[in-house]
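The structure appears right after this line, and notes come after that.
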Amino acid sequence: MSATTATEKTTSAASPARETGGDRYAPTDRTVPTRSRDRARYDRETVHSILDQAYICHLGFVRDGAPVVLPTLFGRVGETLYIHGSTGSRPLLAAGKSDPGLPVCVTVTHVDGLVLARSAFHHSLNYRSVVVHGTAYQVTDEAECRTALDALVDQVVPGRSADSRPADAKELAATAVIRLDLTEVSAKLRTGGPNDDAEDLGLPYWSGVVPVAPAYGAPVPAADLAPGIAAPDYLAAL
Numbered sequence: 246m247s248a249t250t251a252t253e254k255t256t257s258a259a260s261p262a263r264e265t266g267g268d269r270y271a272p273t274d275r276t277v278p279t280r281s282r283d284r285a286r287y288d289r290e291t292v293h294s295i296l297d298q299a300y301i302c303h304l305g306f307v308r309d310g311a312p313v314v315l316p317t318l319f320g321r322v323g324e325t326l327y328i329h330g331s332t333g334s335r336p337l338l339a340a341g342k343s344d345p346g347l348p349v350c351v352t353v354t355h356v357d358g359l360v361l362a363r364s365a366f367h368h369s370l371n372y373r374s375v376v377v378h379g380t381a382y383q384v385t386d387e388a389e390c391r392t393a394l395d396a397l398v399d400q401v402v403p404g405r406s407a408d409s410r411p412a413d414a415k416e417l418a419a420t421a422v423i424r425l426d427l428t429e430v431s432a433k434l435r436t437g438g439p440n441d442d443a444e445d446l447g448l449p450y451w452s453g454v455v456p457v458a459p460a461y462g463a464p465v466p467a468a469d470l471a472p473g474i475a476a477p478d479y480l481a482a483l
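For the sequence shown, the residue numbers in the working numbering are 246 to 483.
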């Protein structure tokens, strides 16, 4: 059975999309920011674009009455996020309970620039972020689990899942994945230059933006790679 890959970004049969207002997610009390509301976005195109350009998320939940935030891999398939973990991890064990699941908050952030103003107060960042609230559940269906694992691999390097050995039964048993539907979602962005106060414009301090972007080096082959196996074309696309 061939699994849906993250590069296709389609909705798996095991996890249908939830409509929350056509091309937009419906704002809620938790997704409307208290500051800089003009930077908030709720359209699916913006949200999906921010998610699809990342592969690390921060998973927040409450454990023993205290907040915990863990960085981990994720993948998107349609209107679902799949988040990777170990079968022995506490959040995965909590999410494995069918009722009520695990209340979580998932965040993804890109830093696009360092905004340097004339005053320390107005220093900022240009960024793109997504925040997802909801209840996560452990994936127990084997076909959906394979789809999720392919999505996790392709989220990091698009096309890689089809160019590697899929997980065997033992590896599947040692791996856990939780599913979070994209229902209560918002994006927030900042672009542009510094917002200096008018009275500071004459100060003798440099002001502007230092762009920030990810960089990939040339692929380094494994020491035990068999001769004649060239780096695949999809690595060049990075």
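Glycine included, C-beta positions come from ideal geometry on N, C-alpha and C. In this text, all values refer to a predicted model and were calculated from it rather than measured experimentally.
- Query: Where DSSP assigns a beta bridge to GLY462, which residues make up the other side?
  - Reply: Numbered from its first residue, the sequence shown carries residue 462 at position 217. Its beta-bridge partners do not exist; DSSP assigns none.
- Please look up how many angstroms separate the CB atoms of GLY320 and ALA388, rounded, as I've assumed it's under 8 Å. Within the sequence shown, residue 320 is the residue found at index 75, counting from 1. Within the sequence shown, residue 388 is the residue found at index 143, counting from 1. Going by Cβ atoms, the distance from GLY320 to ALA388 rounds to 15 Å, so no, they are not a contact pair.
- Task: Please determine, among GLY379, GLY447, LEU370, the residue with the shortest C-alpha to C-alpha distance to VAL349.
- Result: On the sequence shown, residue 349 is found 104 positions in, with the first residue counted as 1. Taking the Cα of VAL349 as reference, the smallest distance to any Cα among GLY379, GLY447, LEU370 is reached at GLY379.
- Task: Given a cut-off of 8 Å, decide if VAL457 and VAL356 are closer than it, judged by their beta-carbon atoms.
- Result: Here residue 356 refers to the residue found at position 111 of the sequence shown. Here residue 457 refers to the residue found at position 212 of the sequence shown. Yes, they are a contact pair.
- Would DSSP call GLU253 helix, strand or coil? Position 8 of the sequence shown, counted from the start, is the residue given in the question as residue 253. Because the pLDDT at GLU253 is just 40, under 50, the model does not fix this residue reliably, and the value given afterwards should be weighed accordingly. For GLU253, the three-state secondary structure derived from DSSP is coil.
- Message: I need the straight-line Cα distance from GLY462 to LEU480, nearest angstrom please.
- Response: The sequence position of residue 462 within the sequence shown is 217, counting from 1. The sequence position of residue 480 within the sequence shown is 235, counting from 1. Looking at the backbone, the Cα of GLY462 and that of LEU480 are separated by about 10 Å.
- Evaluate VAL313 with the Cβ neighbour count: other Cβ atoms within 10 Å of its Cβ, from every protein chain shown; 16 or more gives buried, anything less gives exposed. Residue numbering aside, residue 313 sits at position 68 when the sequence shown is read from its first letter. With fewer than 16 Cβ atoms within 10 Å of its Cβ, VAL313 is classed as exposed.
- Sequence-distant residues of the same chain with beta carbon closer than 6 Å to LEU315, five excluded per side: As a first step, residue 315 is located in the sequence shown; it is residue number 70 there, counting from the start. Once the five neighbours on either side are set aside, the close Cβ partners of LEU315 are LEU304.
- Item | Which of helix, strand or coil DSSP assigns to GLU429 | Sequence index remark: in the sequence shown, residue 429 carries index 184 (1-based). Assignment of GLU429 by DSSP, reduced to helix, strand and coil, places it in the strand class.
- Message: For a quick check, are the C-beta atoms of SER374 and TYR270 less than 8 Å apart?
- Response: Here the question's residue 374 lines up with position 129 in the sequence shown. Here the question's residue 270 lines up with position 25 in the sequence shown. No, Cβ-Cβ distance for SER374 and TYR270 is not below 8 Å.
- Query: Taking just the CA atoms, how far does VAL465 sit from ASP478?
  - Reply: Here the question's residue 478 lines up with position 233 in the sequence shown. Here the question's residue 465 lines up with position 220 in the sequence shown. A direct Cα-to-Cα measurement between ASP478 and VAL465 gives close to 14 Å.
- Cβ-Cβ distance between LEU318 and VAL353 below 8 Å: The residue labelled residue 318 in the question sits at position 73 within the sequence shown. The residue labelled residue 353 in the question sits at position 108 within the sequence shown. With a cutoff of 8 Å on beta-carbon distance, LEU318 and VAL353 are scored as not near each other.
- With DSSP run on the structure shown, which of helix, strand or coil describes VAL398? The residue labelled residue 398 in the question sits at position 153 within the sequence shown. Note: VAL398 maps to helix in three-state DSSP.
- Query: On the three-state DSSP scale, how would you describe ARG282?
  - Reply: Here residue 282 refers to the residue found at position 37 when the sequence shown is read from its first residue. Looking at ARG282 - three-state DSSP - the assignment turns out to be helix.
- What residues are listed by DSSP as bridge partners for ARG269? Counting from one through the sequence shown, the residue named residue 269 turns up at place 24. ASP288, per the DSSP bridge assignment.
- Message: Helix, strand or coil, according to DSSP, for SER294 in the structure here?
- Response: Numbered from its first residue, the sequence shown carries residue 294 at position 49. Taken through DSSP and simplified to helix, strand or coil, SER294 comes out as helix.
- Would you check if the distance between the CB atom of ARG405 and the CB atom of TYR327 is smaller than 8 Å? In the sequence shown, the residue the question calls residue 405 occupies position 160. In the sequence shown, the residue the question calls residue 327 occupies position 82. Not a contact, by the Cβ cut-off of 8 Å.
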